[in-house]
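See below for the structure under consideration.
Next comes the structure, spelled out in structure tokens:
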């Protein structure tokens, strides 16, 4: 495989072994997509419902891997400016998702604890955390904090269990498995929420400083006041002159704000320019195109 000009991976490998993909031969060269990386990393088995694991969408592993590649390239660029020495980066999609497993992975590798999956969108460990149904739709909430638990329990009719050995003074989280009152908290909270509108719940939780949000539908996003205030949705012109609308650039830089400087290129539009920039000649590019290894704009 040609890397740049007359440099091949066979030539580069003895000098920089890490520049070539490595691992078990049975797996290293297999194709991978979003769900493959999730399944192979232990990420997929953590997600879904208690009855069945489910992959996270849309295409979570693809985007996490893309962000990893971006940050890695920026780190390498920073380092080469300091040292003058380049870098080779080997990103395995499954390792990206393994890292995204976070403390669920750490709990297993340092104690053998396997986290259960969610039940109907609720946090597998803590009561009052996750997805809940109100009279007119869904909310997510995080019942975390001493004052928050005390005041919420008064509202839902559980003030009598505050200060008990099971819910001692200063409790900040209710473990749905270890605390014997966990199922009761869920039952009372479900009943209380089911009779109230999302707006009423949000207003009350704001008074109690309980983190809460309505589960927004896609059509609700564009005109939501927070989206409007931050210009979270924007529009631009496509290459053929059509207006396209979508998420705006993020994060937002104060001194050097990002901008959409052109529309998405057509398939192969930039290939020749990129290959020339890294040392390929016109003949090299034609050879790659002829072999079906590269696509250039017609």
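Numbering (the working numbering), first residue to last: 12 to 309.
Positions of the beta carbon are idealized from the N, C-alpha and C atoms, including for glycine.
Residue i in three-state terms, based on DSSP
i	result
residue 151	strand
residue 225	strand
residue 77	helix
residue 59	strand
residue 116	helix
residue 298	helix
residue 171	helix
residue 234	coil
residue 185	strand
residue 272	coil
residue 193	helix
residue 165	helix
residue 263	coil
Test item: CB-CB of residue i and residue j under 8 Å
i	j	result
residue 139	residue 196	yes
residue 221	residue 154	yes
residue 117	residue 109	no
residue 219	residue 162	yes
residue 52	residue 105	yes
residue 283	residue 296	yes
residue 201	residue 143	yes
Given residue i as reference, the closest of the options once Cα atoms are compared
i	options	result
residue 137	144, 145, 146, 126	126
residue 157	184, 102, 250, 147	184
residue 193	273, 265, 306, 172	172
residue 128	201, 251, 57, 76	57
residue 249	231, 263, 306, 274	274
residue 102	272, 258, 72	72
residue 61	74, 41, 130, 35	130
residue 227	149, 247, 207, 266	149
residue 272	83, 124, 224, 247	247
Residue i burial status per 10 Å Cβ neighbour count (16 or more: buried)
i	result
residue 254	exposed
residue 15	For residue 15, the pLDDT reaches just 43, beneath the cut-off of 50, and the residue's location in the model is therefore unreliable, leaving the point undetermined.
residue 91	exposed
residue 39	exposed
residue 111	buried
residue 188	exposed
residue 85	exposed
residue 160	buried
residue 76	buried
### Query
Quick check: the segment 237–254 against the segment 154–171, are there 3 or more CB pairs under 8 Å?
no
### Task
Evaluate contact between the segment 38–49 and the segment 65–72, counting only Cβ atoms and requiring at least three cross-stretch pairs below 8 Å.
yes
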